[in-house]
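Peer 1: Quick one: this structure, given as structure tokens, is what I'll be asking you about.
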Amino acid sequence: MSGGAGAPTSAPEEFAVPRYGGATLADVLPGAASALGVPVRRSDLPVDPLDLTSALAGARRVAVLLVDGLGAELVAAHPRQAPVLNALGSPVGTLSAPCPSTTPVSLVTLGTGLPPGSHGVLGFVTEVPGEGRTLNHVHWGDDPDPLQWQAAPTVFEQATAAGVSCTVVAPHTFAGSGLTRAAYRGADYASAFSPGDLVAGMHAALRTGRRSLVYGYTAELDLTGHVRGLDSPSWRAQLGIVDRLVEQLAEGLPDDAVLLVTADHGMVDVPDDTRLDIGEEPALTDGVRLLAGEPRARYVHAEPGAADDVLAAWRAVLGHRAWVVSRAEAVESGVFGAVDPALADRIGDVVALARGSWAFTDAQQDPVGSMLAAYHGSLTPAELTIPLLAVRGRALD
Numbered sequence: 005m006s007g008g009a010g011a012p013t014s015a016p017e018e019f020a021v022p023r024y025g026g027a028t029l030a031d032v033l034p035g036a037a038s039a040l041g042v043p044v045r046r047s048d049l050p051v052d053p054l055d056l057t058s059a060l061a062g063a064r065r066v067a068v069l070l071v072d073g074l075g076a077e078l079v080a081a082h083p084r085q086a087p088v089l090n091a092l093g094s095p096v097g098t099l100s101a102p103c104p105s106t107t108p109v110s111l112v113t114l115g116t117g118l119p120p121g122s123h124g125v126l127g128f129v130t131e132v133p134g135e136g137r138t139l140n141h142v143h144w145g146d147d148p149d150p151l152q153w154q155a156a157p158t159v160f161e162q163a164t165a166a167g168v169s170c171t172v173v174a175p176h177t178f179a180g181s182g183l184t185r186a187a188y189r190g191a192d193y194a195s196a197f198s199p200g201d202l203v204a205g206m207h208a209a210l211r212t213g214r215r216s217l218v219y220g221y222t223a224e225l226d227l228t229g230h231v232r233g234l235d236s237p238s239w240r241a242q243l244g245i246v247d248r249l250v251e252q253l254a255e256g257l258p259d260d261a262v263l264l265v266t267a268d269h270g271m272v273d274v275p276d277d278t279r280l281d282i283g284e285e286p287a288l289t290d291g292v293r294l295l296a297g298e299p300r301a302r303y304v305h306a307e308p309g310a311a312d313d314v315l316a317a318w319r320a321v322l323g324h325r326a327w328v329v330s331r332a333e334a335v336e337s338g339v340f341g342a343v344d345p346a347l348a349d350r351i352g353d354v355v356a357l358a359r360g361s362w363a364f365t366d367a368q369q370d371p372v373g374s375m376l377a378a379y380h381g382s383l384t385p386a387e388l389t390i391p392l393l394a395v396r397g398r399a400l401d
């Protein structure tokens, strides 16, 4: 499909476009694995993209904790609630989350070391091409088959093959899920039932084998932000709990270990006056066959022959509130990295990434998701900029 004469082909200047192969979430595990003596195959991306030499020097064990929703701007804005996080060193400065800046995309980006356009998990909800249905990657079992839907090898598979002991410590509810198999296969899965259990599980896993790579995941900060908002006592209290969790992890590190702390994305509060319900705008549903994505990162699949009209309508209605482009323009812009042509149809005919604090909800299809206080998914710095923090075992200091 064409984008129309004069259509934009690059993201707005205020967006923080990921630069894959540099300092992005895709580069964390390959950098850690490289420090453990495992070069990671990543197509045309660098083998060792992050210079973690100083941070990981002498380490035989690396732990990576991913805190869902912990944007770098949020850490810096809350030094009182997060004194430990604010005191940790940053070996390379901040990183960029992938596009869309949402959990399933980020977790598979981390696990494979690849941008979304290469691994194929391209949104929170995407169409299953040719089947007229959507896949919610968080509520994913075995249909479609995770090994086919996401066929790229993970960093854990490559590290395990090289003799590194690999363990994922994450909520028990995700054990065996499609997303877990897509992102983490190759690692042993240790279920965590609480923050304390996560700490103990990561400490235990770090002591296995001669070399170990341990990944931990905690979701409660993101959930609290979605439900209560970032400017809430609940969110600030939860940040304090995360800070204490990191402190406990650091205190129990083996002497030859390093802990890296990062995130999958940040978040933005969305007030009532920057919400638009798609179902209340007839022009946004005319010619639309299927709506996917999420409120700040929409994928619109058009009826046959209607793609150009749908693109024009979404541009006209959303105006300054979003960057609205065709699939071809989005791919050309590089926000997904290099896109495998076999995976491109998972992206909508039209892509709408929210600007400012706008969100494009759909109360009829997703009533609960339309009532959240905060969202993510787009390319604002608050959503895309994530931390990479480090603390070393005492014998390595």
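Residues in the sequence shown are numbered from 5 upward in steps of one, following my numbering. Ideal placement from N, C-alpha and C gives every residue a C-beta, glycine not left out.
I think Val-88 touches Glu-251, with their Cβ atoms under 8 Å apart; what is that distance to the nearest whole Å?
Peer 2: Going by Cβ atoms, the distance from Val-88 to Glu-251 rounds to 5 Å, so yes, they are a contact pair.
Peer 1: Can you say whether Val-372 is buried or exposed, counting buried as having 16 or more other CB atoms within 10 angstroms of its CB?
Peer 2: Looking at its Cβ environment, which holds fewer than 16 other Cβ atoms inside 10 Å, Val-372 is exposed.
Peer 1: Any idea what DSSP makes of Gly-297, helix, strand or coil?
Peer 2: If DSSP states are grouped into helix, strand and coil, Gly-297 belongs with the strands.
Peer 1: Take every Cβ of the stretch 214-222, pair it with every Cβ of the stretch 361-379, and state whether three or more of those distances are shorter than 8 Å.
Peer 2: No contact exists between the stretch 214-222 and the stretch 361-379.
Peer 1: At the level of alpha carbons, what is the spacing between Ala-181 and Gly-145?
Peer 2: Rather than Ala, the amino acid found at residue 181 in this sequence is Ser. So the alpha carbons of these two residues sit roughly 5 Å apart.
Peer 1: Taking the alpha carbon of Asp-370 as the point to measure from, which residue in Asp-281, Leu-126, Ala-37, Cys-170 has its own alpha carbon closest?
Peer 2: That would be Asp-281, whose Cα lies nearest to the Cα of Asp-370.
Peer 1: Would you list the one or two residues that DSSP bridges to Leu-139?
Peer 2: In the DSSP output, where bridge partners are listed per residue, Leu-139 has Thr-130.
Peer 1: Please classify Phe-340 as buried or exposed, where buried requires at least 16 other C-beta atoms within 10 Å of its C-beta.
Peer 2: The residue in question, Phe-340, is buried, as its Cβ has 16 or more Cβ neighbours within 10 Å.
Peer 1: According to DSSP, simplified to helix, strand and coil, what is Trp-327?
Peer 2: It is a strand residue.
Peer 1: Out of Pro-258, Leu-111, Asn-140, point me to the one whose CA is closest to Arg-189's CA.
Peer 2: Among Pro-258, Leu-111, Asn-140, the Cα nearest to that of Arg-189 is on Leu-111.
Peer 1: In the DSSP assignment, the beta strand (DSSP E) including Ser-195 goes from what residue to what residue?
Peer 2: Per DSSP, Ser-195 belongs to the beta strand (DSSP E) from 192-196.
Peer 1: Please look up how many angstroms separate the CB atoms of Leu-315 and Val-343, rounded, as I've assumed it's under 8 Å.
Peer 2: With a Cβ gap of about 18 Å, Leu-315 and Val-343 do not count as contacting.
Peer 1: Report yes if the CB atom of Ala-320 is closer than 8 Å to the CB atom of Gln-162, and no otherwise.
Peer 2: No. Outside cutoff.
Peer 1: Using DSSP bridges, identify the partner residues of Arg-302.
Peer 2: DSSP, once it has assigned bridges, lists Gly-297, Ala-356 as partnering Arg-302.
Peer 1: So which of Arg-325, Val-265, Met-271 has the shortest CA-CA distance to Pro-97?
Peer 2: Going by the sequence as given, residue 97 is Gly instead of Pro. Comparing Cα-Cα distances from Gly-97 to each of Arg-325, Val-265, Met-271, the minimum goes to Val-265.
Peer 1: Is the stretch 277-297 touching the stretch 256-264, taking contact as three or more C-beta pairs under 8 Å?
Peer 2: Cβ pair count under 8 Å is below three, so no.
Peer 1: Where DSSP assigns a beta bridge to Glu-337, which residues make up the other side?
Peer 2: The sequence as given places Ser at residue 337; Glu does not occur at that position. Per DSSP, none; premise fails for Ser-337.
Peer 1: Do Val-395 and Leu-263 count as a contact pair if the criterion is CB distance below 8 Å?
Peer 2: Closer than 8 Å, so yes.
Peer 1: With 16 other CB atoms within 10 Å as the buried threshold, where does Arg-398 fall?
Peer 2: It is exposed - the Cβ of Arg-398 has fewer than 16 other Cβ atoms within 10 Å.
Peer 1: Taking Cβ positions, are Thr-423 and Ala-30 nearer each other than 8 Å?
Peer 2: No answer is possible for residue 423: the residues shown for the chain start at 5 and end at 401.
Peer 1: Could you have a look at Arg-65 and say whether DSSP puts it in helix, strand or coil?
Peer 2: Of the three classes helix, strand and coil, the one that applies to Arg-65 here is strand, per DSSP.
Peer 1: Determine, using beta carbons only, whether Leu-99 and Leu-392 come nearer to each other than 8 Å.
Peer 2: Cβ atoms of Leu-99 and Leu-392: closer than 8 Å.
Peer 1: What first and last residue would you give for the alpha helix (DSSP H) that runs through Thr-116?
Peer 2: Run containing Thr-116: 107-116, per the alpha helix (DSSP H) assignment.
Peer 1: Starting from the C-beta of Gly-115, find all residues in its chain whose C-beta is less than 6 Å away, skip the five residues before and the five after it, and write them out in chain order.
Peer 2: Excluding positions up to five away in sequence, the list reads Thr-158, Ala-187, Tyr-188.
Peer 1: In three-state DSSP terms, what is Pro-175?
Peer 2: Here Pro-175 sits in strand by DSSP.
Peer 1: Does the contact criterion of 3 or more C-beta pairs under 8 Å hold for the stretch 345-353 versus the stretch 128-147?
Peer 2: Touching, yes, given that three or more Cβ pairs across the two stretches are closer than 8 Å.
Peer 1: Considering just the uninterrupted stretch of the alpha helix (DSSP H) at Arg-319, what are its terminal residues?
Peer 2: It spans 311-322 - the alpha helix (DSSP H) in which Arg-319 sits, taken as one unbroken run.
Peer 1: Going by DSSP, which residues form a beta bridge with Val-71?
Peer 2: According to DSSP, which records beta bridges pairwise, Val-71 is partnered with Thr-222, Ala-267.
Peer 1: Between which two residues does the alpha helix (DSSP H) holding Leu-56 run?
Peer 2: Premise fails: Leu-56 is in no alpha helix (DSSP H) and is neither H nor E.
Peer 1: Quickly, what does DSSP pair Val-395 with across the bridge? List them, please.
Peer 2: DSSP lists Leu-263 as partners of Val-395.
Peer 1: Who are Ala-363's beta bridge partners in DSSP?
Peer 2: Note: Ala-363 sits in a beta bridge opposite Arg-279.
Peer 1: So, for Cys-103: in the same chain, excluding its five sequence neighbours on each side, which residues have a beta-carbon less than 7 Å away from its beta-carbon?
Peer 2: So the list reads Pro-22, Pro-120, Val-339, Phe-340, Leu-383, once near-sequence residues are dropped.
Peer 1: From the DSSP output, in three-state form, read off Ala-11 for me.
Peer 2: With a pLDDT of 44 at Ala-11, under the threshold of 50, the modelled position of this residue cannot be trusted; read the value that follows with caution. Residue state, collapsed to three classes: coil.
Peer 1: Helix, strand or coil: how does DSSP classify Gly-373 here?
Peer 2: The answer is helix: DSSP assigns Gly-373 an H, G or I state.
Peer 1: Using only the alpha-carbon positions, how far apart do Val-125 and Gly-25 sit?
Peer 2: Taking the straight line from one Cα to the other gives about 18 Å.
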